[in-house]
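What follows is one structure encoded as structure tokens, with my remarks underneath.
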Amino acid sequence: MVQLRNTHWRVRYDRVDGHGKITLRYAGRLRLLGIGHAHNRQRIILFIDGPDAIAINKTTGEIIAEYTIDPSKNYQPKKKNPHTKKGNDDPTHHQPHTQKVPGHRVNDVPGLHTTRRIGDLNP
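Numbered per the working numbering, the sequence shown spans residues 324 to 446.
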């Protein structure tokens with residue numbers, strides 16, 4: 324849950340570019356804020372208060388990213404959010420199951436080695 328303080332927030336309406344980023348002028352320079360590829364081309368509302376910024380999906384109202392802007396860096400990654408789940412929680416989403424089979428590595432196959440020198444090759 325985000326607590327909005329009783330301060331003056333700058334509000335900016337923008338669209339996430341095709342690389343999952345938006346730009347923001349902060350301390351006289353343009354900064355790139357990484358929203359994420361999952362949000363490409365989506366419309367967002369950005370709230371800025373000093374070094375703190377919050378990106379909200381304009382359509383759903385979902386908070387999609389939070390930032391504390393570091394003036395020494397041009398690219399600003401989003402904060403790690405402990406409330407955001409990793410992965411897909413859709414029960415119909417299929418994850419391929421893989422298993423390791425002992426003895427099936429490149430170096431375990433007879434005659435196939437990755438460290439051979441040119442002189443070691445037999446024509």
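The beta-carbon is built from N, C-alpha and C at its ideal position, and this holds for glycine as well. Note that the coordinates shown come from a computational prediction; the quantities given were computed from them, not determined experimentally.
Go ahead and label residue i buried or exposed: buried means 16 or more other beta carbons lie within 10 angstroms of its beta carbon, across all protein chains shown.
i: T360; result: For the record, residue 360 in the displayed sequence is His; it is not Thr. Under this definition H360 is an exposed residue.
i: H331; result: exposed
i: Y390; result: buried
With H, G and I counted as helix, E and B as strand and the rest as coil, what does DSSP make of residue i?
i: A378; result: strand
Could you pull out every residue in the same chain whose Cβ sits closer than 6 Å to the Cβ of residue i, ignoring the five residues on either side in sequence?
i: R366; result: R338, K381
i: A388; result: I358, A378, K401
i: D372; result: T330, W332
i: E383; result: This sequence places Thr at residue 383; Glu is not what is there. Nothing listed; no residue qualifies.
Less than 7 Å between C-beta atoms, sequence neighbours within five positions excluded: which residues of the same chain meet that for residue i?
i: T438; result: Bear in mind that a pLDDT of 48 at T438, under 50, signals an unreliable position, so the model cannot answer this.
i: I392; result: Y349, R354, P374, A376, Q399
i: I368; result: V334, Y336, I379, K381
Between residue i and the rest of its own chain, which residues show a CB-CB distance below 8 Å, the 5 nearest in sequence each way excluded?
i: N363; result: V339, D340, G341, H342, G343
i: N397; result: R352, L353, R354, L355
| query | Which parts of the segment 332-396 are runs of the alpha helix (DSSP H), unbroken and 4 residues or longer, counting only runs that do not cross its ends? | reply | none
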